[in-house]
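What follows is one structure encoded as structure tokens, with my remarks underneath.
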Amino acid sequence: MKIENNHILESDLQVVWDSLNDENILRECIPGCQSLSKTSEQSYSVVIRIKVSAITGEYTGNIQIEDVSPLEKYTMVVEGTGSGGSVKAKVTLSLKQVEKGTNIHIAGDATVSGMIARVGQRILGGASRMLINQFFGCIKNKI
Numbered sequence: 174m175k176i177e178n179n180h181i182l183e184s185d186l187q188v189v190w191d192s193l194n195d196e197n198i199l200r201e202c203i204p205g206c207q208s209l210s211k212t213s214e215q216s217y218s219v220v221i222r223i224k225v226s227a228i229t230g231e232y233t234g235n236i237q238i239e240d241v242s243p244l245e246k247y248t249m250v251v252e253g254t255g256s257g258g259s260v261k262a263k264v265t266l267s268l269k270q271v272e273k274g275t276n277i278h279i280a281g282d283a284t285v286s287g288m289i290a291r292v293g294q295r296i297l298g299g300a301s302r303m304l305i306n307q308f309f310g311c312i313k314n315k316i
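Just so we're aligned: the sequence shown equals residues 174 to 316 in this note's numbering.
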């Protein structure tokens, strides 16, 4: 499944970058986050409880941060398993200062298996967009 989205946050690039790298803000803003713990400089363990349409369950996994170019971009490699199946995603967040603040371009791919894969691409795509919008809405409120 392709993931692509854009968000403009009305804040300075440095503030947005810092927020996207702040463990406490991430814990508060990741939808359904039950726990988020840094396991190394560039990785986290995470437990997320999701209830979106037919996609319901608790997922335990890891987030690895790669290809970091400060104030420009980083890539997240996410792997998680739960009662509904498993999720693997690789997503790059690219940041750029624009007139109205900071543009964040999200691009990547996700693979799902198990019961959540049976839900269908249309529902999964809508659910992923909704969760991304919730996340960035929360970030916007934090900065």
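All C-beta atoms in this analysis are idealised placements derived from N, C-alpha and C, irrespective of residue type, glycine included.
For the pair T233 and A283, the Cα-to-Cα distance works out to about 16 Å. Within the segment 181 to 237, the complete alpha helix (DSSP H) segments of 4 residues or longer fall at 186 to 193, 196 to 202, listed in chain order.
Look at the segment 244 to 295 and you find these whole runs of beta strand (DSSP E), each 3 residues long or longer: 246 to 255, 258 to 271, 274 to 286.
Between L209 and E272, the alpha-carbon positions lie close to 33 Å from each other.
When only Cα atoms are considered, I316 and R302 end up about 21 Å apart. Here DSSP, grouped into helix, strand and coil, assigns I305 to helix.
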